[in-house]
Amino acid sequence: MRKRSFIALAAGLTAVGGATFAYASLVERNMFTLRRFDVPVLEPDAEPLRILHISDLHMMPDQRRKQDWVAALGGTDPDLVVVTGDNMAAPDAIPAVLRALDPFLGLPGAFVFGSNDYRGPIWKNPLQYLLPDREYQQGVDLPAEDLRAAFVEAGWADLNNARTIVKAGGRSIELAGVDDPHIEKDDYPSVAGPINSGADLHIGVTHTPASRVLDAMAADGFNLMLAGHTHGGQVCVPGYGALTTNCDLPHSMAKGLHRWPGSEAWLHVSAGLGTHPTAPIRFACRPEATILTLTPR
860 MRKRSFIALA AGLTAVGGAT FAYASLVERN MFTLRRFDVP VLEPDAEPLR
910 ILHISDLHMM PDQRRKQDWV AALGGTDPDL VVVTGDNMAA PDAIPAVLRA
960 LDPFLGLPGA FVFGSNDYRG PIWKNPLQYL LPDREYQQGV DLPAEDLRAA
1010 FVEAGWADLN NARTIVKAGG RSIELAGVDD PHIEKDDYPS VAGPINSGAD
1060 LHIGVTHTPA SRVLDAMAAD GFNLMLAGHT HGGQVCVPGY GALTTNCDLP
1110 HSMAKGLHRW PGSEAWLHVS AGLGTHPTAP IRFACRPEAT ILTLTPR
């Protein structure tokens, strides 16, 4: 009797595990979701401004459903588009990335790169993401410079260790960004300094929400910061949340809109739209893009 009970329990757990994996790999990772947040950062009586935040596409050439869904976001009519990196997952993925983003390439936009814009993914044990000091492993070279050229040719601001002012929604927007801190390509000191008082809005941009970068941006007066990288934890525990952010960001801030501690700045972390190709699953963490409607304080 005891043996039969043990076998039945094991069979039940195996069935539940198999069903959960099937849901995470076949269903939820394709449940693309548009999030919306209001962010009170504008001057009193200012008209709202809409930012479309896209991150972590990890695009493969054959992912037509993802490409079509992203392209359809053109109907949200954003004033500004910000892409926070990890666009590619294969050397031949640029046409797929540009197909997805084509409706936005004529709009005011800005971008930074993530590690998976420079080097492709390789297989790794997913449990390694729970290790705080794991060694970063790189795959094949990706055509980052070709993607950069396509974005810049479209008129988007390259914010990889750069600072500029763009016009969007009838406003003057100061933008400062860094290249990916996850692979130590960030150089915020090269663009640091107090915000430009002549601009209407000040936004800091990074792929990885590393505290050293966010602290510096907030100290300079940037009142909104945008990041990706975390995938929102990618596999979360219902009722608890993310198990890892793959950086020093607190787990409670793995996705969504938060006040950055010790400052007046807001931080939005996108859970992103893709997954690592060797771990194509999401659980309790749908893939997402976000419309941020900036409103008066």
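Just so it is clear: in the sequence shown, position 79 is 938 by this note's numbering, and no numbers are missing. Just so it is clear, CB atoms sit at the ideal spot from N, CA and C, and this is done for glycine as well.
Asked	Found
Beta-bridge partners of histidine 1117, as assigned by DSSP	Leu1126
Segments assigned beta strand (DSSP E), at least 3 residues, entirely inside the segment 1016-1047	1021-1027 and 1030-1036
C-alpha distance - threonine 1149 paired with lysine 925, whole-angstrom precision	15 Å
Spatial distance of leucine 1060 from glutamate 1033 (CA atoms)	6 Å
Phenylalanine 896, enclosing beta strand (DSSP E) - first and last residue	892-901
Nearest-angstrom Cα separation, counted from glutamate 1123 out to glycine 944	25 Å
Of the listed residues His917, Leu893 and Val940, nearest to alanine 1013 (C-alpha basis)	Val940
Three-state secondary structure assigned by DSSP to glycine 806	Within the shown structure, residues of the chain are numbered from 860 to 1156, placing residue 806 beyond reach of any answer.
Isoleucine 981 - containing alpha helix (DSSP H), residue span	Note, isoleucine 981: premise wrong, no alpha helix (DSSP H); not H, not E.
Where the beta strand (DSSP E) containing alanine 1148 begins and where it ends	1147-1155
Other residues of its chain near alanine 1027: CB distance less than 6 Å, five sequence neighbours each side excluded	Asp938, Leu939 and Pro967
Contact the segment 895-903 vs the segment 1111-1131: 3+ CB pairs below 8 Å	yes
Straight-line gap, leucine 932 to alanine 1051 (C-alpha atoms, nearest Å)	33 Å
Cα-Cα separation, tryptophan 1125 to methionine 1084	6 Å
Among Pro950, Pro962 and Ser1049, nearest to aspartate 1000 - alpha-carbon criterion	Pro950
Proximal residues to proline 1040 (C-beta, below 6 Å), its chain only, five neighbours per side dropped	Thr1067, Ala1069 and Val1072
Cβ of glutamate 1004 within 8 Å of any chain D Cβ	As a matter of chain content, chain D is missing from the structure shown, which is built from one protein chain.
Reference glutamine 1093; option with closest CA among Leu908, Cys1144 and Ile981	Cys1144
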